[in-house]
Each structure stands twice: as structure tokens, then as C-alpha cells.
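Asks:
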Amino acid sequence: MEFPLTGLYRVKQERSTTQSLELNLKDLKNQVKADVKSAYTQLAYALQSGNLAGERVQLFEDLREAAQARADMGESSEIDAMQADLQLQEARNNQETIFKEIMNARYDLFQTIGLDPEQQTYDIGFTDTLSYMIVNINQDLVMEKLQGHPKLQQLEREIDASIYGKKLAKSTYLPDLNLSYYRQDFGNNYDFYGFEVGVSIPLWFAARQSPKVQQANAIQNATEWKYEDQLLLIKKQAEQTWHSYESARNNIERFRENIQRNSLELVQMTQKGYSMGELDLLTLLEAQRTYLRTQQTYYQTLRDYYLSVIELERYLQTDIIFN
3 MEFPLTGLYR VKQERSTTQS LELNLKDLKN QVKADVKSAY TQLAYALQSG
53 NLAGERVQLF EDLREAAQAR ADMGESSEID AMQADLQLQE ARNNQETIFK
103 EIMNARYDLF QTIGLDPEQQ TYDIGFTDTL SYMIVNINQD LVMEKLQGHP
153 KLQQLEREID ASIYGKKLAK STYLPDLNLS YYRQDFGNNY DFYGFEVGVS
203 IPLWFAARQS PKVQQANAIQ NATEWKYEDQ LLLIKKQAEQ TWHSYESARN
253 NIERFRENIQ RNSLELVQMT QKGYSMGELD LLTLLEAQRT YLRTQQTYYQ
303 TLRDYYLSVI ELERYLQTDI IFN
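Just so you know, we're using our numbering here: the sequence shown kicks off at 3 and counts up by one.
Below you can see the structure in the form of C-alpha cells.
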């Protein structure tokens, strides 16, 4: 039998290792949840881009009709009508590209959630839109919650296991106990019972036990440094994610306050001016491109905003969106 302390340290080491694996499983579950939410956000962004691509086609269809009408009345040359038609064809090509991106985003989501291929049908609908939802996340709260991150807690349990591993290695200096119980035959059959109690002392501990202690000590030091490295990495990632969230939120607010309204008014005014012959085709095209570009940038920023919030959920250990 091992010395009692040896068995105790082995049990505690295994218990800490088990807790470390359970925390690793928890972190993996959180990662899977974040991956599913991120894939869903990418799909919502692709669907919104599809709507914008349809709006772009409609704008250039109206432009082609206006340009052709002016050309028929002799108010402009056929070049304007040809250029408007080229812009329309380009918009339709862009719509086809966006449709392909929507299909790719759908299958990425299906793969992330593990949906069976037989269930991946085209009649699956997604009613959510990439609309803005105000989420206030305090930076100090994010940093306070870092110590509760499953990855760091997992490494803490690994440190505990390495400490018990070191104690276990040192316990090999202690003697082992031997106990025997048997029947004896002194000529009268096996009518007698005997037992022996012995102590096994490691005489060559310096040559055999010392390397085990040094190895256990090295494992403990490596695990502690791994914890410090992971703490710094998670802290850096949390701060970068929060600043990305704050930047995206500020950009969205500015867009909603004036950029969206101004760009739409610009398109409407230039459309009216072109129809009345007060503006040329290039001015109208630039106004429409500005409107479409700002809309696309807004949806990209909105996508990045939600992706940042999803990442911050892992540090806060709570669900905020897409519950």
C-alpha cells in the first residue's frame, strides 16, 4: 500500500484535472454558441445586402427609363441612355453575386449548427433583419468578469493539479506499507493463520525520486506561466473587442442621426433635378452611388457591431442578443 499522503495527493490531482476538463467543455460550449450566433449574423447581413442589391436594381431601372425618356425627347443624347443601361446591367450582376453570398451564408449556418443534409431545404426562411438594437456594455464590467472566464478557470485547476502532482512526486520519499495475510501448514493441514507487516523505505531516493520532483516542479512553473500568458491574451482581446464595439456603435449613431437622411435626400433631389433637365447624368449617378455606398457601409458596421457584442458575451458570461 502507498503511504496515505501519496493516495490523498493522487486523488486531489485527479479531481483538479477533472474540474479542468469540465471547464474546458464549458468554454467549448460557449465558443459553439458564439459561432452559431456569428454565422446567423453573417446570414442576416447577406440577406440585408440582398435587399440593398434589389434597391440598387430598382434605382437604375428608374434611371434608365428617365434617361431613355429624355433621349426620346431630344433633351439628352443616347449616350446617357446607354450609360444608364450599363449601370443597370452592373447592378443585376451585383445582385447575382449577392445571391451566391446568401446561399454560402445559409450553408455556413447549417454546417455550424450541424443540420442534417436532408433537412437543408430551400423552404427554410429567416425572418430576422439586421436592425439596430441598442446595447450598452460597460468596459469596466467586461474587465471585472475576465477572472470568471472558463479558460482562465480551467488553467487555475491545471495549476492546482500541478501543485498536487508536485506533492505527489515528493511523497515518493515516504515509505510504502506492506501487509500480508495467509494460511500456514505446520503438519496439521492449514490450521494456522499468519500475517506480516512491513515498511519499504526508498534507499536510493536521490537517484530515482529527485528527477520526478524536478519534473513536477517544471510542470507547475510551465502551467503558471501558461496562465499568465492566457490572462494577458484574454485581457488584450477583451479590450480590443470592446473598442471595436464602441467604434461601431458610434458610427451607427452618426449614420442614423444625419448620414442616412442626407444621402436619401440627395438622391431624391438629384433624381428630380435630372428629370427636370437641371442636372446631368453624372451628377445623378454619383448621388446614387453615394447613397448605396453609405447604406452598404452602414450594414457592414451593423454586422461588425453585432459580432463584437457576441464576442463580448463570452467575456461577460451572459446572453445579450439572439437569446
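Every residue gets a Cβ at the ideal spot worked out from N, C-alpha and C, and that includes glycine.
None of these values were measured; they are calculated from a predicted model.
#1: From which residue to which residue does the alpha helix (DSSP H) around Tyr183 run?
#2: Please identify the residue among Gly279, Glu103, Arg291 whose C-alpha is closest to the C-alpha of Leu45.
#3: Does the Cβ-Cβ distance between Tyr166 and Gln15 come in under 8 angstroms?
#4: Would you list the residues sitting across from Glu198 in a DSSP beta bridge?
#5: For Gln297, does the count of other Cβ atoms within 10 angstroms reach 16, so buried, or fall short, so exposed?
#6: Nearest-angstrom Cα distance between Ala163 and Asn223?
#7: So, at 7 angstroms on beta carbons, what are the nonlocal neighbours of Asn191 in its own chain, with the 5 sequence-adjacent residues on each side left out?
#8: Using 8 angstroms as the threshold, is the C-beta distance between Ala86 and Arg66 below it?
#9: Is the beta carbon of Gln50 sitting closer than 8 angstroms to the one on Thr114?
#10: With distances taken from CA atoms, which of Met145, Phe101, Thr99, Ile126 is nearest Phe112?
#11: Tell whether a beta-carbon distance below 8 angstroms holds between Leu235 and Leu154.
#12: With a cut-off of 8 angstroms, do at least 3 Cβ pairs link the region 212-229 to the region 289-303?
#13: Give the DSSP-derived three-state secondary structure of Val34 in the structure shown.
#14: Mark Phe194 as exposed unless 16 or more other C-beta atoms lie within 10 angstroms of its C-beta, in which case mark it buried.
#15: Going by Cα to Cα distance, which pick from Ala41, Thr174, Val199 is closest to Leu181?
#16: Buried or exposed for Tyr220, going by 16 or more other Cβ atoms inside 10 Å?
#17: Output the distance between the C-alpha atoms of Gln262 and Gly76, rounded to the nearest integer angstrom.
#18: Quick check on the burial criterion: 16 or more other C-beta atoms within 10 angstroms. Buried or exposed for Tyr184?
#19: Going by the beta-carbon positions, is the gap between Leu143 and Ala240 smaller than 8 angstroms?
#20: Can you look up Thr123 in the DSSP assignment and give me helix, strand or coil?
#21: Considering only C-alpha positions, which residue in the set Pro119, Lys31, Ser173 is nearest to Thr8?
#22: For Met156, is the classification buried or exposed, using 16 other Cβ atoms within 10 angstroms of its Cβ as the cut-off for buried?
#23: With DSSP run on the structure shown, which of helix, strand or coil describes Ser133?
#24: Which residue comes first and which comes last in the alpha helix (DSSP H) that contains Lys147?
#25: Keeping to the same chain, check which residues put their C-beta closer than 6 angstroms to that of Asp110; ignore five residues upstream and five downstream.
#26: With distance defined between alpha-carbon atoms, name the residue in Glu24, Thr43, Arg12, Ala93 nearest to Pro152.
#27: With 16 other CB atoms within 10 Å as the buried threshold, where does Val311 fall?
#28: With a Cβ-Cβ cutoff of 8 angstroms, do Gln97 and Ala48 count as a contact?
#29: Would Leu283 and Ala69 qualify as a contact pair, given that the criterion is a beta-carbon distance under 8 angstroms?
Replies: With the structure as the only source:
#1: Careful: Tyr183 lies outside any alpha helix (DSSP H), inside the beta strand (DSSP E) at 178-186.
#2: Glu103
#3: yes
#4: Ser182
#5: buried
#6: 12 angstroms
#7: none
#8: yes
#9: no
#10: Ile126
#11: no
#12: no
#13: helix
#14: exposed
#15: Val199
#16: For the record, residue 220 in the displayed sequence is Ala; it is not Tyr. Ala220 comes out exposed.
#17: 35 angstroms
#18: exposed
#19: no
#20: coil
#21: Ser173
#22: Position check: residue 156 holds Gln in this sequence, whereas Met was assumed. It counts as buried.
#23: coil
#24: That residue, Lys147, is in no alpha helix (DSSP H); it is neither H nor E in DSSP.
#25: Ala41
#26: Glu24
#27: buried
#28: no
#29: yes
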